[in-house]
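First residue of the sequence shown: 287, per the working numbering; consecutive thereafter. This report concerns only the one structure given below.
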Amino acid sequence: MQQLRRVRRVYWLSFVLALVWCASAQPAQAQERTLGRTLQERVEFTVQSVEYRFSEQLDFTAEFSSTAIILEGYVFYQVGEDERIWVYEGEVTRNRLDIQVLLDDTNQPQVFANIRYWFRIASDHGEFFESPSYTVYYDDNRFTWQQAELPPFRLLWHSGQLADAPAILGAARQGVARLQALLPLADPQPLTLRVYEQAADLQRAAQLAHYPWAAGHMQPGQGVVLFAQGAQLERQIAHELAHQMLYESLGAEGYANLPAWLREGIAIVAEGEADPQAAALVRAAAQGSSLLPLYTLCGTLPTDAAQAHMARAQSAALVRYLIEHYNKTGFGILVEAFARSGNCIQAPQAAFGVDMLRIEQDWLSTLTGETPTTLAQVDWRTVGMAAGVAVLLWGLTRLVARSGRRK
Ligand SMILES: [Zn+2]
Numbered sequence: 287m288q289q290l291r292r293v294r295r296v297y298w299l300s301f302v303l304a305l306v307w308c309a310s311a312q313p314a315q316a317q318e319r320t321l322g323r324t325l326q327e328r329v330e331f332t333v334q335s336v337e338y339r340f341s342e343q344l345d346f347t348a349e350f351s352s353t354a355i356i357l358e359g360y361v362f363y364q365v366g367e368d369e370r371i372w373v374y375e376g377e378v379t380r381n382r383l384d385i386q387v388l389l390d391d392t393n394q395p396q397v398f399a400n401i402r403y404w405f406r407i408a409s410d411h412g413e414f415f416e417s418p419s420y421t422v423y424y425d426d427n428r429f430t431w432q433q434a435e436l437p438p439f440r441l442l443w444h445s446g447q448l449a450d451a452p453a454i455l456g457a458a459r460q461g462v463a464r465l466q467a468l469l470p471l472a473d474p475q476p477l478t479l480r481v482y483e484q485a486a487d488l489q490r491a492a493q494l495a496h497y498p499w500a501a502g503h504m505q506p507g508q509g510v511v512l513f514a515q516g517a518q519l520e521r522q523i524a525h526e527l528a529h530q531m532l533y534e535s536l537g538a539e540g541y542a543n544l545p546a547w548l549r550e551g552i553a554i555v556a557e558g559e560a561d562p563q564a565a566a567l568v569r570a571a572a573q574g575s576s577l578l579p580l581y582t583l584c585g586t587l588p589t590d591a592a593q594a595h596m597a598r599a600q601s602a603a604l605v606r607y608l609i610e611h612y613n614k615t616g617f618g619i620l621v622e623a624f625a626r627s628g629n630c631i632q633a634p635q636a637a638f639g640v641d642m643l644r645i646e647q648d649w650l651s652t653l654t655g656e657t658p659t660t661l662a663q664v665d666w667r668t669v670g671m672a673a674g675v676a677v678l679l680w681g682l683t684r685l686v687a688r689s690g691r692r693k
């Protein structure tokens with residue numbers, strides 16, 4: 287790697303300022319007018335490259351041939367969807383420009399995203415010449431990644447200990463099938479499953495990927511999901527896949543409209559067999575009247591460890607109950623109703639004629655062995671007929687159509 291003797295200035299410009307500068311730039315072969323003469327200065331960028339060490343530094347190099355005397359050179363770059371343009375000045379030596387960008391807390395690029403970059407050099411007459419733009423994928427290259435594929439999944443891992451990649455990919459596929467048995471969702475979009483050996487390495491990558499972490503997992507829709515190795519890996523993969531597939535089918539807004547307990551409950555149920563300890567915990571809490579009220583689980587789940595554990599167990603138990611009582615079709619309509627309305631309590635009212643507080647009560651009565659209220663005895667299809675078959679079909683076809691329409 288080419289080492290730089292020094293880096294003179296480091297800064298980034300606002301988008302607007304950069305645009306002004308762009309407007310004043312010349313293409314690589316420019317006609318320059320000075321003192322009434324017309325000179326044909328020719329500059330051609332011949333070779334370029336970028337190398338990087340994750341979270342430490344980026345090294346850009348460009349070589350060019352030039353009839354002008356080049357005194358200064360810069361790299362400009364833009365990361366992912368971010369509109370900011372970063373600009374760094376480099377060192378010009380004999381038709382070559384080297385720029386070393388040291389990364390710190392102020393300028394970490396988003397990882398798992400493309401960096402679009404281009405060079406600009408300046409002649410002794412103050413003319414600027416700009417290269418075409420190039421793209422590099424900014425990866426976590428702290429490790430040597432191995433990979434295996436089973437479309438739509440790509441599994442990456444860096445430890446030699448990941449014994450059974452095909453089994454893990456197979457489990458991911460099973461997770462998809464399990465979720466599709468619960469809800470009419472389309473197959474997932476291509477997704478990279480990246481497995482870290484150490485949780486701390488995963489946390490660093492997640493931070494630099496700008497993945498917001500909530501309740502122990504990241505916001506879906508990024509195309510990459512990160513995991514730490516462990517005994518529960520296959521269940522974790524199925525869990526995160528469920529979040530991804532819900533997100534892809536419902537869209538960002540529909541997904542955000544789902545109550546936290548429903549999103550999390552579906553993902554836990556998609557993991558596979560119910561955890562008998564969690565089920566017992568919920569039953570005991572119901573009998574001791576210490577379950578968390580459902581309306582407190584609408585926005586986010588609690589962060590306190592014990593409460594979070596209870597909230598997850600409760601969410602999963604309620605989702606299992608709903609699937610059992612409303613079956614796949616009814617449950618799909620219920621999910622669609624939440625996605626559409628965003629009202630955590632009233633959402634089921636239109637299709638089912640009851641609100642969520644009522645459904646919660648009926649669920650509780652099955653846990654405590656009390657006499658169920660009228661709702662639990664009502665077949666959802668009867669309710670559906672009352673609400674109108676058209677409404678139900680409309681909801682379902684909308685859900686499926688949206689799944690199919692996703693990129
Ligand atoms: Zn989750």
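We put the beta carbon where it would ideally sit given N, CA and C, even for glycine.
| Query | Result |
| --- | --- |
| The segment 323-343 touching the segment 409-419, judged by at least three CB pairs closer than 8 Å | yes |
| In DSSP terms, what arginine 440 is bridged to | Glu435 and Thr478 |
| Which residues DSSP lists as bridging aspartate 773, in chain order | Any property of residue 773 remains undetermined from this structure, which presents the chain solely from 287 to 693. |
| Option nearest alanine 485 by Cα separation, candidates Gln508, Ser445, Ala354 and Ala472 | Ser445 |
| N-terminal and C-terminal residue of the alpha helix (DSSP H) that histidine 422 is part of | Note on identity: in this sequence residue 422 is valine, with histidine being the wrong assignment. Note, valine 422: premise wrong, no alpha helix (DSSP H); beta strand (DSSP E) at 420-424. |
| Which listed residue (Ala538, Gln518, Glu557 and Leu548) has its alpha carbon closest to that of leucine 527 | Glu557 |
| Cα-Cα separation between proline 438 and alanine 538, rounded to whole angstroms | 21 Å |
| Per-residue burial, serine 535 [other beta carbons within 10 Å of its own, 16 or more giving buried] | buried |
| Glycine 586 versus alanine 597 - alpha carbon distance | The question names glycine, but residue 586 in the sequence shown is threonine. Each residue's Cα considered, the two are about 10 Å apart. |
| Pick from Gln489, Leu469, Ala354 and Asp390 that is closest to leucine 512, judged by C-alpha positions | Gln489 |
| CB contact flag (phenylalanine 405, valine 361, <7 Å) | yes |
| Cross-strand partners of asparagine 400 (DSSP beta bridge) | Tyr423 |
| Classification of glutamate 435 by the beta-carbon crowding that lies within 10 angstroms, buried from 16 upward | exposed |
| Alpha-carbon spacing of leucine 282 relative to glutamate 377, whole angstroms | Because the chain spans 287 through 693 in this model, residue 282 falls outside it and cannot be assessed. |
| Separation of arginine 644 from leucine 650, as counted between CA atoms | 10 Å |
| Beta-ladder partner(s) of glutamate 358, from DSSP | Ala408 |
| Beta-carbon spacing of tryptophan 443, glutamine 432 below 7 Å | yes |
| Length at least 4, wholly inside the segment 595-666: the alpha helix (DSSP H) runs in chain order | 635-638, 642-654 and 660-663 |
| Check: glutamate 550 C-beta below 6 Å from any heavy atom of ligand 1 | yes |
| CA nearest to the CA of alanine 408, picked from Leu383, Ala602, Glu369 and Ala560 | Leu383 |
| Spatial neighbours of arginine 292 in its chain, beta-carbon cut-off 6 Å, leaving aside the 5 residues before and after | Low confidence applies here, because arginine 292 scores a pLDDT of 37, under 50, leaving its location unreliable and the question unanswered by this model. |
| Residue-chain proximity (alanine 492, chain D), Cβ-Cβ < 7 Å | This model lacks chain D altogether, as it is built from one protein chain only. |
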